[in-house]
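Structure record follows, encoded as structure tokens.
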Amino acid sequence: MAAMEENEDEGVSTLAEYMERVEEQELEADLVLGGDDGKECTYRQGYMKRQAVFSCLTCTPDEEAGFCTACSLACHDGHDVVELWTRRHFRCDCGNSKYGQGICKLRADKDIENSENVYNQNYKGVYCTCHRPYPDPEGAALGEMLQCCICEDWFHELHLGLPPTLQFPRDEEGEPLFDEVICNSCVPKCPFLSKYPDVVIAPATVLDASTDPVEIVEQTHGSGVENGKPSPLGPTTDPKAECSPENGIVDIHQVNSAVGEVSNEAKEEREVKQEVQPSNETAANEDVTNGYHCELGKESPAAIIQPGHPLFLIKSWRAQLCRCPNCLRMYEERGVGFILDSDDTLQAYEASAKRKREETRAQVDGSDLMQGLGHVQQIELLHGFNDMTAQLKNFLAPFGESGRTVTSADIHGFFADLNQKKRRHN
Numbered sequence: 001m002a003a004m005e006e007n008e009d010e011g012v013s014t015l016a017e018y019m020e021r022v023e024e025q026e027l028e029a030d031l032v033l034g035g036d037d038g039k040e041c042t043y044r045q046g047y048m049k050r051q052a053v054f055s056c057l058t059c060t061p062d063e064e065a066g067f068c069t070a071c072s073l074a075c076h077d078g079h080d081v082v083e084l085w086t087r088r089h090f091r092c093d094c095g096n097s098k099y100g101q102g103i104c105k106l107r108a109d110k111d112i113e114n115s116e117n118v119y120n121q122n123y124k125g126v127y128c129t130c131h132r133p134y135p136d137p138e139g140a141a142l143g144e145m146l147q148c149c150i151c152e153d154w155f156h157e158l159h160l161g162l163p164p165t166l167q168f169p170r171d172e173e174g175e176p177l178f179d180e181v182i183c184n185s186c187v188p189k190c191p192f193l194s195k196y197p198d199v200v201i202a203p204a205t206v207l208d209a210s211t212d213p214v215e216i217v218e219q220t221h222g223s224g225v226e227n228g229k230p231s232p233l234g235p236t237t238d239p240k241a242e243c244s245p246e247n248g249i250v251d252i253h254q255v256n257s258a259v260g261e262v263s264n265e266a267k268e269e270r271e272v273k274q275e276v277q278p279s280n281e282t283a284a285n286e287d288v289t290n291g292y293h294c295e296l297g298k299e300s301p302a303a304i305i306q307p308g309h310p311l312f313l314i315k316s317w318r319a320q321l322c323r324c325p326n327c328l329r330m331y332e333e334r335g336v337g338f339i340l341d342s343d344d345t346l347q348a349y350e351a352s353a354k355r356k357r358e359e360t361r362a363q364v365d366g367s368d369l370m371q372g373l374g375h376v377q378q379i380e381l382l383h384g385f386n387d388m389t390a391q392l393k394n395f396l397a398p399f400g401e402s403g404r405t406v407t408s409a410d411i412h413g414f415f416a417d418l419n420q421k422k423r424r425h426n
């Protein structure tokens with residue numbers, strides 16, 4: 001009944017608020033676990049496209065190893081378990097060579113090693129470039145953590161490589177305008193994204209209020225006034241002195257002439273370079289395709305990808321990527337072939353979890369309990385359940401009509417009355 005208490009001072013909560021809170025917690029758990037009921041080890045399903053994964057600092061403090069939801073409950077209950085959220089292309093390690101003499105209680109016949117599993121520092125309980133645990137009691141001021149869709153590590157916003165002059169693209173309410181992020185360490189794996197300017201969201205520019213604007217003041221030669229104040233040099237009377245280099249003043253016509261000469265020289269130099277070097281756009285397309293000839297994006301302006309900065313990507317950006325044979329081979333060689341799999345995304349994983357949740361809730365009708373009872377017991381159970389449901393409905397009706405809160409004392413009183421009626425009936 002402690003869960004009924006929303007406020008420690010008042011110790012009360014409306015029934016609607018309590019049920020809503022329980023529903024939210026159940027949904028959150030289902031989205032992380034993917035609808036997995038935790039009854040069966042997922043090892044036999046092979047390298048799953050995406051599943052909830054955990055690691056154990058008790059069993060493998062010096063190893064990078066992970067296991068499924070069922071093994072977290074059956075084999076590592078009471079251990080120092082790290083929840084890694086979801087991982088792609090992963091097969092349960094529990095009980096293999098990484099665990100020494102430890103044996104999986106759910107499935108003992110496992111390979112010595114899962115060679116296709118990919119691990120990172122998260123399996124040892126640390127995250128980000130700061131290598132700190134999560135939750136981190138000392139990292140409250142570091143901001144929200146975001147997961148890179150390539151390496152799947154988690155990063156504090158402050159540690160993703162954006163300079164102070166830039167900030168994460170968000171709307172007026174602070175919600176992210178991007179759907180996925182690629183950390184600055186993984187950006188070099190995806191140079192081909194420069195060919196897709198429509199999928200990359202540029203970070204917002206931070207305006208520094210402390211910087212004074214530059215004031216452009218029109219000056220009159222020889223006026224004796226500088227920026228609206230008397231000039232310490234005083235007015236000049238010699239027209240030649242005004243434009244004399246010795247006085248630090250040059251005739252504007254001389255400046256234009258000099259600039260023109262430099263511009264012409266620079267133009268000639270650029271033309272010579274263009275004859276022997278390909279354009280930036282052509283070079284970029286040749287570089288990002290690593291020698292593969294893909295025509296996509298050659299006529300469109302390249303997206304700006306700054307070295308050392310993360311990339312922010314729109315929703316469904318993966319669907320816009322080229323799927324010609326050359327590009328498919330390029331993705332695989334760069335180790336990012338999974339970006340074309342629609343089931344790899346978190347959205348697809350959560351959508352599948354919601355479907356499983358709805359199916360499970362529709363099937364929950366007490367059939368498992370009823371199968372273990374005789375016919376007479378089944379009838380008595382149904383009558384008792386219906387009677388309790390009717391009494392509970394009558395008990396809660398006044399609270400719903402008045403909006404009054406339900407206290408733990410009210411609940412205890414309800415069940416006490418039920419027990420008294422049961423004893424009188426017997």
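Residue numbers are given in UniProt numbering: position 144 of the sequence shown equals residue 144, and the series is strictly consecutive.
We put the CB at the ideal spot given by N, CA and C, even for glycine.
All values derive from a computational prediction rather than experimental measurement.
Taking one beta carbon from each stretch, the region 313 to 330 and the region 133 to 143 have fewer than 3 pairs nearer than 8 Å; the two do not touch. With fewer than 16 neighbouring CB atoms inside 10 Å of its own CB, aspartate 387 falls in the exposed class. A residue is called buried when at least 16 other Cβ atoms come within 10 angstroms of its Cβ; glutamine 51 meets this threshold and is buried. For serine 55, the uninterrupted beta strand (DSSP E) run begins and ends at 48 to 56, by DSSP. Pairing lysine 110 with glycine 95 gives a Cβ-Cβ distance under 8 Å. Between the alpha carbons of isoleucine 304 and histidine 159 lies a distance of about 21 Å. Within its own chain, the residues whose Cβ lies closer than 7 Å to the Cβ of isoleucine 314, once the five positions on either side in sequence are excluded, are Phe178, Asp179, Val199 and Ile201, listed in chain order.
Around glycine 337, the same chain offers Tyr331 as residues with beta carbons nearer than 7 Å, after the five sequence neighbours per side are excluded. Contact between valine 53 and leucine 84 holds: their C-beta atoms lie close to 5 Å from each other, under 8 Å. Here the alpha carbons of cysteine 71 and threonine 42 stand approximately 9 Å from one another. The DSSP-derived three-state label of histidine 159 is helix. In the same chain as valine 181, and ignoring 5 residues on each side of it, the C-beta atoms closer than 6 Å to its own belong to Leu146, Pro310 and Phe312, in chain order. Leucine 33 is classed as buried because its beta carbon has at least 16 other beta carbons within 10 Å across all chains shown. Partner residues in a beta bridge of methionine 330, as assigned by DSSP, do not exist. For the pair alanine 141 and leucine 328, the Cα-to-Cα distance works out to about 42 Å. Rounded to the nearest whole angstrom, the CA to CA distance from glutamate 333 to arginine 21 is 46 Å.
When the beta-carbon positions are compared, lysine 49 and aspartate 341 come within less than 8 Å of each other. Beta-bridge partners assigned by DSSP to glutamate 180: Leu313. Around the beta-carbon of isoleucine 112, fewer than 16 other beta-carbon atoms lie within 10 Å, marking it exposed.
Sixteen is the threshold: since fewer than 16 other Cβ atoms of the shown chains lie within 10 Å of the Cβ of valine 376, the residue is exposed. For cysteine 130, the number of other beta carbons within 10 angstroms of its own is below 16, and it is reported as exposed. Listed in chain order, the non-local C-beta contacts of glutamine 121 below 6 Å within the same chain number zero, local neighbours out to five positions each way being set aside.
Going by beta carbons, aspartate 153 and cysteine 190 fall outside the 8 Å limit. As the crow flies, the alpha-carbon of valine 126 is around 30 Å from that of phenylalanine 192. Around the Cβ of phenylalanine 67, a 10 Å sphere holds 16 or more other Cβ atoms; the residue is buried. By the neighbour-count criterion, in which a residue is buried when 16 or more other Cβ atoms sit within 10 angstroms of its Cβ, tyrosine 47 is exposed.
According to the DSSP assignment, leucine 84 belongs to the beta strand (DSSP E) that extends over 81 to 90. In this model, proline 188 and leucine 162 are separated by some 16 Å (Cα to Cα). Put simply, of His76, Glu64 and Ile103 the residue whose alpha carbon is nearest the alpha carbon of phenylalanine 90 is Glu64. Bounds of the beta strand (DSSP E) holding leucine 146 are 145 to 147. Shown here for glycine 308: same chain residues with a beta carbon closer than 7 Å to its own, the five before and five after excluded, namely Gly161 and Asn184 in chain order.
Taking the Cα positions, lysine 39 is about 48 Å away from cysteine 294.
In the displayed model, isoleucine 201 falls within a strand according to three-state DSSP. Across the set Trp317, Ser194 and Thr345, the C-alpha of Ser194 shows the shortest separation from the C-alpha of glutamine 306. In the three-state scheme derived from DSSP, where H, G and I count as helix and E and B as strand, leucine 166 is classed as strand.
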